[in-house]
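With the UniProt record's numbering applied, the sequence shown covers 1 to 486.
Using N, Cα and C, we set each Cβ at its ideal position, and we do this for glycine too.
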Amino acid sequence: MMSYGERPRLLVVANRLPVSSKKTGENSWSMEMSPGGKFNLLGGVTDQYDTKWVGWPGFDVYNEVEKTALSKSLAQMNCIPVFLNEVFDQYYNGYSNGIIWPILHHMGLPVEYHHDANKSFQTQYDAYKKANRMFLDVVMENYEEGDTIWCQDYHLMFLPQYLKEYNNKIKVGWFLHSPFPSSEVYKTLPSRSELLRSVLRADLLGFHTYDFARHFVSTCTQILGVEGTHEGVVDQGRLTRVVVLPMGIDPDRFISTCKLPEVIQQMNELKEKFSGKKVILGVDRLDMIKGIPQKYLGFEKFLEENPDWRDKVVLVQIAVPTRDAVPEYQKVRDQVHGLVGRINGRFGSISSLPVHHMDCSVPSNYLCALYATADVMLVTSLRDGLNLVSHEFVASQESKKGVLILSEFAGAGQSLGAGALLVNPWNVTEVSSAIKDALTMPAEEREERHRVNFQYVITNSAEKWGGDFLSELNDAFAASEMKIRS
Ligand code: G6P
1 MMSYGERPRL LVVANRLPVS SKKTGENSWS MEMSPGGKFN LLGGVTDQYD
51 TKWVGWPGFD VYNEVEKTAL SKSLAQMNCI PVFLNEVFDQ YYNGYSNGII
101 WPILHHMGLP VEYHHDANKS FQTQYDAYKK ANRMFLDVVM ENYEEGDTIW
151 CQDYHLMFLP QYLKEYNNKI KVGWFLHSPF PSSEVYKTLP SRSELLRSVL
201 RADLLGFHTY DFARHFVSTC TQILGVEGTH EGVVDQGRLT RVVVLPMGID
251 PDRFISTCKL PEVIQQMNEL KEKFSGKKVI LGVDRLDMIK GIPQKYLGFE
301 KFLEENPDWR DKVVLVQIAV PTRDAVPEYQ KVRDQVHGLV GRINGRFGSI
351 SSLPVHHMDC SVPSNYLCAL YATADVMLVT SLRDGLNLVS HEFVASQESK
401 KGVLILSEFA GAGQSLGAGA LLVNPWNVTE VSSAIKDALT MPAEEREERH
451 RVNFQYVITN SAEKWGGDFL SELNDAFAAS EMKIRS
């Protein structure tokens, strides 16, 4: 139990720990915070709380001696591992990313899941529940009375229920980092009611946008027959509060990285490499929801319609490989490679290629150099919880003030829409026109649009998001405690 004068304790539970571990010897590991990880962005919030992260370390460990050694090293980074091992594939590649993820992103269930006996819905669903129980076990081994437990994302939809069944007095929050779809789409999920009932056991539920929160509440009313109010969802007199809190980034990290001599040097090299050309940048995980094929179709259309621009513009696309054991991800990679070949074949010359596509991640400093050098950032997500890349671009463009083209289907479209050029990524003509508008935009308009978005990004940081969520969670928990006592 927390004693007087101590900081309150917070356990942040997410599928992945915010550190990457590398084996350096038989039982020794080196660790570093993952620079792109979104769950390590809480900044000052982690100083107000005594914070620990619970999550999967990123690989299997079966040997007990190794597990102990890794756990000790992770403890120095305030991280506690959940060794999912044999459950991982069916829980992560199967149920989380093969079933829930496409439904949350309006993509529907892939047909093959119903035909392959080994990957049947039931097997993956059981693995998902088992993995959530494994998270519960590790949380409970580390829980002390009064702790706050903050569950993150669609991987952990059973955890709120398991925690409350274990001890109804635990303070539990859950935040969804993906979209929540219309009830018509969500209804296709075979386990639709169980997942909703579980998350409703939390004291506070958070979403990035009003639309996602509204969809969630109306889905609960339609599927469970509970009442939706402006505060959240009421079931048998008990209110589960629902809040809209869009996440942000750590803007100072990008602003200061852009000023490092090493990064300035990289920026100069990039400027020289692309001299005489405008640079359009794309940075996405190689995920079907990111709309990379649609981006290429829009760019191809632009080159078709604007022959004068053909040797004056390049599209640099960083496509970070992800979840490549899931068949849908393999398909999108092949599709993207086909399009890159076609565009470079149609519009390339000995001296210039219009598309520079890379299936890789890049070091974080180099990423800042790319963001800062680009004239235009092109985000064409088909659905996206938020899209922090668009925030990172804005934070890195303090001197250049480039243009953000942003999909209206990304959560960030609602917060950065004032400064960005919003597009429907399915409409290639619209994407092509937006590219032209961005490349030819007068400096005054560019600067004004950037000013509005920069202000938003620096004000609405991840630190603020974390602090706001935890303060709402404390209020919701206190209100429900009072109700129980009265
Ligand atoms: C999305 C999810 C996160 C996840 C991230 C990376 O943003 O909302 O929960 O961590 O993708 O995906 P991965 O499967 O590589 O952890």
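| Check | Outcome |
| --- | --- |
| Once the 5 residues before and after S364 are set aside, which same chain residues still bring their CB inside 6 Å of it? | P35 |
| So for G225, helix, strand or coil by DSSP? | coil |
| Under the criterion of a Cβ to heavy atom distance below 8 Å, does G467 qualify as lining the ligand NAP? | With respect to small molecules bound, the structure shown includes the ligand G6P and not the ligand NAP. |
| Going by DSSP, what residues sit across from T51 in a beta bridge? | L10 |
| Is any heavy atom of the ligand G6P found at a distance shorter than 8 Å from the C-beta of A14? | yes |
| Using 10 angstroms around the beta-carbon of T240, count the other beta-carbons present and answer buried if the total reaches 16, otherwise exposed. | buried |
| When you measure from the CB of Y92 to every non-hydrogen atom of the ligand G6P, does any distance come out below 8 Å? | yes |
| So, with DSSP's three-state summary, where would you put R449? | helix |
| Classify K130 as helix, strand or coil using the three-state DSSP reduction. | helix |
| Could you tell me the distance, in whole angstroms, from the CA atom of P18 to the CA atom of M33? | 6 Å |
| What residues are listed by DSSP as bridge partners for S407? | V423 |
| Per DSSP, V185 is paired with what? | V185 pairs with nothing; no bridge assigned. |
| Are V87 and G55 close, meaning C-beta to C-beta below 9 Å? | no |
| Measuring CA to CA, which of A479, E444, L388, W426 is closest to residue 500? | Here the chain has residues from 1 to 486 only, and residue 500 is not among them. |
| With distances taken Cα to Cα, identify the nearest neighbour of Y366 among L422, K401, K271, Q266. | Q266 |
| Helix, strand or coil for C258, going by three-state DSSP, please let me know. | coil |
| Do the CB positions of P321 and C360 come within less than 9 Å of each other? | yes |
| Could you please give the first and the last residue of the uninterrupted beta strand (DSSP E) stretch that includes W29? | 28-33 |
| Look up D153 in the DSSP assignment and say whether it is helix, strand or coil. | coil |
| Who are the Cβ neighbours of L42 in its own chain at under 6 Å, not counting the five residues just before and after it? | G466 |
| Jot down the residue ranges of each uninterrupted beta strand (DSSP E) in the stretch 282-358, minimum 3 residues, whole runs only, in chain order. | 313-320, 355-358 |
| With a Cβ-Cβ cutoff of 9 Å, do V423 and A374 count as a contact? | no |
| From which residue to which residue does the beta strand (DSSP E) around I80 run? | 79-81 |
| Give me, in chain order, the residues of the same chain whose beta-carbon lies closer than 6 Å to that of L470; leave out the 5 immediate sequence neighbours on both sides. | none |
| So, with DSSP's three-state summary, where would you put K464? | helix |
| Which residue from L204, Y210, V199, G237 puts its Cα closest to that of C220? | V199 |
| Could you give the first and the last residue of the continuous alpha helix (DSSP H) run that contains V199? | 192-199 |
| Beta-carbon within less than 8 Å of G108's beta-carbon, same chain only, minus the 5 sequence neighbours each way: which residues are those? | P102, V185, T188 |
| When every heavy atom of the ligand G6P is checked, does at least one fall within less than 8 Å of the C-beta of G173? | no |
| Counting only the same chain and skipping the five closest in sequence on each side, list residues whose C-beta sits under 8 Å from that of D153. | A14, N15, F175, L176, H177, S178 |
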